[in-house]
Amino acid sequence: MIIPELVFLVAFVYVVSLFLKKLPAFKAEWTIPLVLWLVAIVAALLVLAIHLGQSFTPATILSGALQGTFITAVALFGNQIFKQIADKRLDDQK
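Laid out in structure tokens, this is it:
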């Protein structure tokens, strides 16, 4: 479960994914989820450690890694659901 203080990172990761898709350096789209995963882990860790006042303990690092994984999963799943619904709706209209 994503802790409430980190829910905004789902939107952040989604926006980063849109930005990465526009960059010519990321023509191999299979790299985008890996980059997003790392971005989400680092962002979650920073928010947990700095904003929420936790120090960089092993528990915080583990929590940041798990939260980053959950955040990435929700952002990518939401993107895929949106694509599937939009594509199927267009196919049904033909």
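Residue numbers (the working numbering): 1 to 94. The C-beta atom is built at its ideal place from N, Cα and C for all residues, glycine as well. Here the structure is a predicted model, which is why all the values come from computation and not from measurement.
Close Cβ partners of residue i (< 8 Å) along its chain, the five nearest in sequence each way excluded
i, result
"P33", "T72, L76"
"L52", "E5"
C-beta contact flag for residue i and residue j at 9 Å
i, j, result
"L36", "V16", "yes"
"V13", "A49", "no"
"I3", "Q67", "yes"
"E5", "V47", "yes"
"M1", "F82", "no"
"E29", "K22", "no"
Pick from the options that is closest to residue i, judged by C-alpha positions
i, options, result
"A44", "L90, W30, A11, N79", "A11"
"L9", "F26, L38, A86, P24", "L38"
7 Å CB neighbourhood of residue i in its chain, flanking five on each side removed
i, result
"D92", "none"
"S63", "L48"
Same chain, Cβ closer than 6 Å to residue i, five either side skipped, listed in chain order
i, result
"T60", "L48, A49, Q54"
_alpha helix (DSSP H) segments (min. 4 residues) lying fully within the region 13–66_ = Within the region 13–66, the complete alpha helix (DSSP H) runs of at least 4 residues are 31–46.
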